[in-house]
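S.K.: full-length UniProt numbering numbers the first residue of the sequence shown as 1 and each following residue consecutively.
This is the structure I have questions about; it appears just below.
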Amino acid sequence: MEASVAREAPSCLKVGPAHLTHYGSRRSFLLTLVGSVLLFTIMSSGNAQIGKPAPEFKATAVVDGQFKEIKLSDYKGKYVVIFFYPLDFTFVCPTEIIAFSDRAGDFRSINCEVIGCSIDSHFTHLAWINTPRKEGGLGAMKIPLVADLTKSISRDYGVLKEDEGIAYRGLFVIDGKGTLRQITINDLPVGRSVDETLRLVQAFQHTDKHGEVCPAGWKPGSDTIIPDVEKSKAFFSK
1 MEASVAREAP
11 SCLKVGPAHL
21 THYGSRRSFL
31 LTLVGSVLLF
41 TIMSSGNAQI
51 GKPAPEFKAT
61 AVVDGQFKEI
71 KLSDYKGKYV
81 VIFFYPLDFT
91 FVCPTEIIAF
101 SDRAGDFRSI
111 NCEVIGCSID
121 SHFTHLAWIN
131 TPRKEGGLGA
141 MKIPLVADLT
151 KSISRDYGVL
161 KEDEGIAYRG
171 LFVIDGKGTL
181 RQITINDLPV
191 GRSVDETLRL
201 VQAFQHTDKH
211 GEVCPAGWKP
221 GSDTIIPDVE
231 KSKAFFSK
């Protein structure tokens with residue numbers, strides 16, 4: 001799983017020499033540490049796993065200024081980018097949402113839909129959309145904003161910050177078969193790149209179609225690699 005989770009490790013993972021005495025022995029210390037790591041991994045991954053079907057959801061969203069119930073399965077046959085953000089009427093969030101909305105046409109041109117999601121209600125989403133951008137609002141949106149008031153979607157996708165009841169900045173790329181292909185999770189202060197997200201979708205679509213693999217920083221039109229010991233030399237010999 002390719003995931004970057006920028007958050008502080010739990011206190012149980014912060015260890016030093018004093019802890020060795022506390023745990024009594026190196027063996028018990030290691031067992032405790034391994035157990036803590038496994039617990040932390042399970043808690044932070046939710047039900048979203050690379051290469052597995054993305055968690056299905058059904059929720060009310062604001063679509064073109066109207067309330068509409070949508071499901072992930074509505075988008076079968078298309079790539080989907082779903083990104084979570086902490087809260088409406090905040091600071092980094094509108095910059096991300098507006099950036100994705102303004103580029104919605106670029107994603108749709110490659111058969112990909114973008115969906116935003118937070119734990120706010122659909123009423124709050126609509127109020128934010130109806131607030132002018134110069135006043136910190138979103139203005140008209142070209143992408144759906146999903147209301148995850150029960151927090152079930154955020155929890156399923158492993159991005160819920162349980163102690164605050166809000167979502168981390170998780171982003172998920174799902175292919176046309178509903179398979180999860182990519183995960184990134186940012187801590188709250190840092191927004192995401194629309195250009196990088198678009199590049200990732202293009203790269204996965206290229207590998208789907210051609211069976212080749214994409215090297216670091218690949219962009220459409222760049223060389224790819226044939227995943228074969230001998231044939232790959234054509235790329236590396238350049």
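For every residue, glycine included, the Cβ atom is placed at its ideal position computed from N, Cα and C.
Note that the structure is a prediction, hence the values are computed from the model and not measured.
1) Run the CB neighbour count on H125, radius 10 Å, all protein chains shown included, and call it buried at 16 or more, exposed below.
2) Measure the alpha-carbon distance for L188 versus F236 and round it to whole angstroms.
3) Where does I82 sit, in a helix, a strand or coil, going by DSSP?
4) Comparing C-alpha positions only, which one of T179, Y85, I153, G136 sits nearest to K78?
5) Among I174, D148, H210, which one has its Cα closest to the Cα of G165?
6) Do you know offhand how far V213's Cα is from P227's?
7) In whole angstroms, give me the CA-to-CA distance for H206 and D223.
8) Going by C-alpha distance, which of I143, G116, R155, E230 is nearest F84?
9) Which same chain residues end up closer than 8 Å to I129 when comparing Cβ atoms and leaving out the 5 residues on each side of it in sequence?
10) Less than 8 Å between the beta carbons of S121 and P86, yes or no?
11) Leaving out five residues on either side along the sequence, give the residues of the same chain with a beta carbon under 7 Å from the beta carbon of N186.
12) With G170 as the anchor, note down where its beta strand (DSSP E) starts and where it stops.
M.R.: For this structure:
1) Mapped onto the sequence shown, residue 125 falls at position 125. Its Cβ being crowded by 16 or more others within 10 Å, H125 is buried.
2) Position 188 of the sequence shown, counting from 1, holds the residue named residue 188. Position 236 of the sequence shown, counting from 1, holds the residue named residue 236. C-alpha separation (whole angstroms): 39 Å.
3) Counting from 1 along the sequence shown, the entry for residue 82 is found at position 82. Looking at I82 - three-state DSSP - the assignment turns out to be strand.
4) Position 78 of the sequence shown, counted from the start, is the residue given in the question as residue 78. That would be T179, whose Cα lies nearest to the Cα of K78.
5) Residue mapping note: residue 165 aligns to position 165 of the sequence shown, counting from 1. When only C-alpha atoms are compared, the closest one is D148.
6) Counting from one through the sequence shown, the residue named residue 213 turns up at place 213. Counting from one through the sequence shown, the residue named residue 227 turns up at place 227. Answer to the nearest angstrom: the Cα atoms are 7 Å apart.
7) Sequence index remark: in the sequence shown, residue 206 carries index 206 (1-based). Sequence index remark: in the sequence shown, residue 223 carries index 223 (1-based). Each residue's alpha carbon lies about 11 Å from the other.
8) Along the sequence shown, read from residue 1 onward, the residue named residue 84 stands at position 84. Measuring from the Cα of F84, the nearest candidate turns out to be G116.
9) Here residue 129 refers to the residue found at position 129 when the sequence shown is read from its first residue. Same-chain partners within the cutoff: V62, G65, G137, L138, G139, A140, M141, L145.
10) Stepping through the sequence shown from its first residue, residue 121 is reached at position 121. Stepping through the sequence shown from its first residue, residue 86 is reached at position 86. No, they are not a contact pair.
11) The residue given as residue 186 occupies position 186 in the sequence shown. So the list reads A6, Y168, R169, R192, once near-sequence residues are dropped.
12) Residue numbering aside, residue 170 sits at position 170 when the sequence shown is read from its first letter. First-last of the beta strand (DSSP E) with G170: 169 to 174.
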